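Numbering (UniProt numbering), first residue to last: 1 to 254.
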């Protein structure tokens, strides 16, 4: 007999005055099934598995919906917190084409208000805006449209605007109009401008006006404003941040 099959004895067990001898063998009797060899995926376990899977499905679906609603609320909150800038307007481009607020749709825009006879501030701001657009083009291509709107309707004729915009970004669009359209456009964009009383087109004068440019999204909504104190790097950084946020939310850049 092999050692593995030999019976093993244990000390006697005394029960009510009797000695009971018990022995056991390491050899399993016929018909006995080792539980470790039996599958545990019972109908009850299968039901629990299905219930757990169903619960996880509904949990993740609910969590996804909650996150989408939260993102929508954040978007609405940012929209409410922004100033109401922009609206309907009608002007002419420097090459004689009509231009309205609808032409802003489908692209990002940087819009500066100034005048061509400005000695220093306007050229500096347009240089800064043009440089920012060039830097953004390196990463995103030509998706930001630079625009210059005149606040000097008496002197900024279309030929004058055409000559002026050549000194800046090659895609810069110059917009001009008569006094009524200029005033209406400035009012829509909350831009202040004022010329000295009694001036004539040939006079040498300065136009007092707001010094900043706007950043508008592809839906024509106001996003940000950059003043004289905003450096080119700051403009680029803030525009990039908004472009990436738009891309994350909508899955596209424009």
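Using N, Cα and C, we set each Cβ at its ideal position, and we do this for glycine too.
Owing to the predicted nature of the structure, the values given are computational and were not obtained by experimental measurement.
Next on the checklist: Taking contact to mean 3 or more Cβ pairs, one atom from each stretch, closer than 8 angstroms, check whether the segment 160 to 168 and the segment 184 to 203 are in contact.
Outcome noted: no
Checklist entry - Are the beta-carbon atoms belonging to residue 205 and residue 148 less than 7 angstroms from one another? => result Taking the chain shown and counting its residues from 1, the one referred to as residue 205 is at position 205. Taking the chain shown and counting its residues from 1, the one referred to as residue 148 is at position 148. Not in contact: residue 205 and residue 148 (Cβ atoms no closer than 7 angstroms).
Next on the checklist: So, for residue 80: in the same chain, excluding its five sequence neighbours on each side, which residues have a beta-carbon less than 8 angstroms away from its beta-carbon?
Outcome noted: The residue you call residue 80 lines up with position 80 of the chain shown. Any reading at residue 80 is ruled out, since the residue's pLDDT is 43, under 50, leaving its predicted position unreliable.
Next on the checklist: Which of the three DSSP states is assigned to residue 173 in this structure?
Outcome noted: Walking along the chain shown from the start, residue 173 turns up at place 173. Residue 173 carries a strand assignment under DSSP once its states are collapsed to helix, strand and coil.
Checklist entry - For residue 112, which three-state DSSP category applies? => result Here the question's residue 112 lines up with position 112 in the chain shown. If DSSP states are grouped into helix, strand and coil, residue 112 belongs with the strands.
Checklist entry - In angstroms, rounded to a whole number, what distance separates the CA positions of residue 235 and residue 93? => result On the chain shown, residue 235 is found 235 positions in, with the first residue counted as 1. On the chain shown, residue 93 is found 93 positions in, with the first residue counted as 1. Their backbone Cα atoms lie some 25 angstroms apart in a straight line.
Checklist entry - Taking all protein chains shown into account, do 16 or more other C-beta atoms lie within 10 angstroms of the C-beta of residue 125, making it buried, or fewer, making it exposed? => result Numbered from its first residue, the chain shown carries residue 125 at position 125. With 16 or more other Cβ atoms within 10 Å, it is buried.
Checklist entry - Can you tell which of 51, 161, 89, 50 has its C-alpha closest to the C-alpha of residue 150? => result In the chain shown, residue 150 corresponds to position 150, counting from 1. Looking only at 51, 161, 89, 50, the smallest Cα-Cα distance to residue 150 is reached by 161.
Next on the checklist: My parser needs the alpha helix (DSSP H) runs of 4 or more residues fully inside the segment 151 to 230; what are they?
Outcome noted: 158 to 165, 179 to 188
Checklist entry - Mind checking whether residue 143 and residue 51 have CB atoms under 7 angstroms apart? => result Locating residue 143 in the chain shown gives position 143, where the first residue counts as 1. Locating residue 51 in the chain shown gives position 51, where the first residue counts as 1. Not a contact, by the Cβ cut-off of 7 angstroms.
Checklist entry - Is the beta carbon of residue 42 within less than 6 angstroms of some heavy atom of the ligand ADP? => result Judged by which ligands are present, the structure shown has none, so any question about the ligand ADP falls away.
Item to check | Spatial neighbours of residue 131 in its chain, beta-carbon cut-off 6 angstroms, leaving aside the 5 residues before and after | outcome: To locate residue 131, count along the chain shown from 1; it is residue 131. 232.
Checklist entry - Which same chain residues, not among the five before or five after residue 219, have their C-beta less than 8 angstroms away from its C-beta? => result By one-based count along the chain shown, residue 219 stands at place 219. Taken in chain order, the residues that qualify are 105.
Checklist entry - Among 173, 224, 172, which residue has its Cα nearest to the Cα of residue 189? => result As a first step, residue 189 is located in the chain shown; it is residue number 189 there, counting from the start. Taking each of 173, 224, 172 in turn and checking the Cα distance to residue 189, the smallest one comes out for 224.
Next on the checklist: Pull the bridge partners of residue 144 from the DSSP assignment, please.
Outcome noted: What you label residue 144 is simply residue 144 of the chain shown in a count that begins at 1. Note: residue 144 sits in a beta bridge opposite 108.
Item to check | Close beta carbons around residue 114, own chain, < 6 angstroms, minus the five adjacent residues each side | outcome: The sequence position of residue 114 within the chain shown is 114, counting from 1. So the list reads 122, once near-sequence residues are dropped.
Item to check | Check whether residue 181 and residue 90 have beta carbons under 7 angstroms apart | outcome: Taking the first residue of the chain shown as 1, we reach residue 181 at position 181. Taking the first residue of the chain shown as 1, we reach residue 90 at position 90. Cβ distance < 7 angstroms, so residue 181 and residue 90 count as in contact.
Item to check | Collapsed DSSP secondary structure at residue 49 in the structure displayed | outcome: Position 49 of the chain shown, counted from the first residue, corresponds to residue 49. Here residue 49 sits in helix by DSSP.
Next on the checklist: Could you tell me the alpha carbon to alpha carbon distance between residue 229 and residue 172, rounded to whole angstroms?
Outcome noted: Along the chain shown, read from residue 1 onward, the residue named residue 229 stands at position 229. Along the chain shown, read from residue 1 onward, the residue named residue 172 stands at position 172. Their backbone Cα atoms lie some 22 angstroms apart in a straight line.
Next on the checklist: Taking 8 angstroms as the limit between beta carbons, can you name the residues of its chain near residue 217, skipping five residues before and five after?
Outcome noted: If you number the chain shown from 1, residue 217 lands on position 217. 108, 223, 242, 246.
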